[in-house]
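J.: Quick note on numbering: the sequence shown equals residues -24 to -1, 1 to 361 in mature numbering (1 follows the signal peptide of the UniProt record, and there is no 0). We treat Cβ as the ideally placed atom computed from N, Cα and C, and that holds for glycine.
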Amino acid sequence: MRLQPNRLAAALAAGLALSAPAWAQEVVKIGFSGPLSGGAALYGKNVLDGMNMAVDEINAAGFEVAGKKYKLEIAALDDKYNPSETAINAQRLVQESKTPAILVPHSGGIYALQTNNEAQKYLVLAYSSTPQITARGNKLTLRIPPDFTSYIEPFIHYTTKKFGKNVAIADADHDYAKAWNAAFKPLLEKAGGKVVADNPMSYTRATDFYSGVSRALAGKPDVLFIGGPSEPTGLVVKQARELGFKGGFILIDQAKLDEVAKVSGGYASLNGAIGVLPVMEDKLPESVAFVQRFQKLYPNRLVTSETSLNYSAVHATALAMKLAGSVTDATAIRAKLSEAFKTMPRRENMFGVSGVDATGSSEADGRAAVVEDGKIREVMLNSLK
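(1) For L164 and V355, I'd like the C-alpha separation in whole angstroms.
(2) Looking only at its own chain, which residues have a Cβ that is under 7 Å from the Cβ of N65, when we skip the five neighbours before and after it?
(3) Under three-state DSSP, which class holds F131?
(4) For L9, does the three-state DSSP call read helix, strand or coil?
(5) According to DSSP, simplified to helix, strand and coil, what is D304?
(6) Could you check the C-alpha separation between P130 and A148 for me, to the nearest Å?
(7) Over what stretch of residues does the beta strand (DSSP E) that includes N58 continue unbroken?
(8) Could you pull the start and end residues of the alpha helix (DSSP H) that M143 belongs to?
(9) Within its chain, find whatever has a CB closer than 7 Å to the CB of S284; leave out the 5 residues flanking it on each side and keep chain order.
(10) If contact is defined by three or more beta carbon pairs under 8 Å, each pair taking one atom from either stretch, is the segment 136 to 146 in contact with the segment 194 to 202?
(11) Specify the secondary structure class of M326 as computed by DSSP and reduced to three states.
(12) Does the beta carbon of K272 sit closer than 8 Å to a beta carbon anywhere in chain D?
(13) Starting from F225, trace the beta strand (DSSP E) both ways and give me its first and last residue.
(14) Can you give, in chain order, each stretch of the alpha helix (DSSP H) that sits fully within the segment 152 to 215 and has at least 4 residues?
(15) Looking at the structure shown, is A334 part of a helix, part of a strand, or coil, going by DSSP?
(16) Say whether the segment 28 to 39 touches the segment 96 to 116, bearing in mind that this needs 3 or more beta-carbon pairs closer than 8 Å, one atom from each stretch.
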């Protein structure tokens, strides 16, 4: 017997409805609000590419929570490095995409979200090493990188011993750089150093730093304290060398030595610099393998800690969802993040985050890098004190 078209359509619909649970997957979205345009666009892209790489791997392996299959996605919005835009984006992400977690890669935007994320019950994945982020007592925050203050005394010790104790400040003027400045100055004075010029600049808006660097060099410094997004940091180094500066550089951890070198004129221009260890120069087998996997997806791209750490953060968040048995309960997910980092395979945790403390701060052994004779040399922070 032949079914009439309308009966055939009804039968097919019924069959699809019955079979739907076998193949349908609900979508879970992790939010991202960061700079995807303007001077810090490369910084934001590095973060987002690492997040998307992790999502692709998680989905390929099968993402199942409490016996239910899900598809993980990143919902990304550009905030132009503007905290007020970050706050607006967060509302959109929570209301439209139902994101249980939002990753933000700048301290001003993180602070903006912390004003109401507990009330709205979403987790802030904070890519910033500012200690104040977790000192506020926000119960739904993960600070992804370790506290930046662990870098300051070793960085000061290395550069002032090598070049001298007169330091000019010529870093960026955004909130994160201001936090570095506030912590840096008293520790420099404690070490017997002196600030001979204090001239932060707008790294995310300017493309010419000659006048600002000239003001910093007028103090006759032995060392320049610099840093912000890598590309403008590279211009600051290049222009400082062109103006005759022969001393060393302390780079805040937002600036990556390998990316800076691409703009400044190679590692030789950075002789005497100290900063965080570039992922591309990390010889750990897991880091080498990660770089290879990333560059298959993005040929000829440098891999930065923004890429690798936020890749790891997404893997940890997904694993915490599995351990919590929920993709929506931000409190339960936050409670499982430390266990997630501890049990993740090292191929997904190249930085070696060993856990998360009660405040939401990640924990890891510190490594850094110095540039000597135009080459990168890895150093342990505790060896520089």
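T.: If we stick to the structure as given:
(1) Stepping through the sequence shown from its first residue, residue 164 is reached at position 188. Stepping through the sequence shown from its first residue, residue 355 is reached at position 379. A straight line joining the alpha-carbon of L164 with that of V355 spans about 20 Å.
(2) Reading the sequence shown from its first residue, position 89 is the one you call residue 65. Correct list, in chain order: S9, L53, D55.
(3) Stepping through the sequence shown from its first residue, residue 131 is reached at position 155. If DSSP states are grouped into helix, strand and coil, F131 belongs with the helices.
(4) Looking up residue 9 in the sequence shown gives position 33. In the sequence as presented, Leu is not what sits at residue 9; that position holds Ser. Three-state DSSP puts S9 in a strand.
(5) Along the sequence shown, read from residue 1 onward, the residue named residue 304 stands at position 328. Reading off the sequence shown, one finds Thr at residue 304, where the question assumed Asp. DSSP, read as helix, strand or coil, puts T304 in coil.
(6) By one-based count along the sequence shown, residue 130 stands at place 154. By one-based count along the sequence shown, residue 148 stands at place 172. Rounded to whole angstroms, P130 to A148 spans 21 Å at the Cα level.
(7) Here residue 58 refers to the residue found at position 82 when the sequence shown is read from its first residue. According to the DSSP assignment, N58 belongs to no beta strand (DSSP E), since it is labelled neither H nor E.
(8) Position 167 of the sequence shown, counted from the start, is the residue given in the question as residue 143. Sequence inspection shows Val at residue 143; the Met mentioned does not correspond to that position. Note, V143: premise wrong, no alpha helix (DSSP H); beta strand (DSSP E) at 142 to 145.
(9) As a working mapping, residue 284 is identified with position 308 in the sequence shown. If we look at S284 and ignore the five residues flanking it on each side, its Cβ neighbours are G26, V255, F266, M326, F327.
(10) Flag = yes, the segment 194 to 202 and the segment 136 to 146 touch.
(11) Here the question's residue 326 lines up with position 350 in the sequence shown. Reduced to three states, the DSSP call for M326 is coil.
(12) The structure shown contains no chain D, having only a single protein chain.
(13) Within the sequence shown, the letter at position 249 stands for residue 225. Unbroken beta strand (DSSP E) run through F225: 224 to 227.
(14) Taking only runs of at least 4 residues, the alpha helix (DSSP H) segments lying wholly in the segment 152 to 215 are 186 to 193.
(15) Numbered from its first residue, the sequence shown carries residue 334 at position 358. Under the three-state reduction of DSSP output, A334 falls in the coil class, being neither helix nor strand.
(16) Verdict: no, contact absent.
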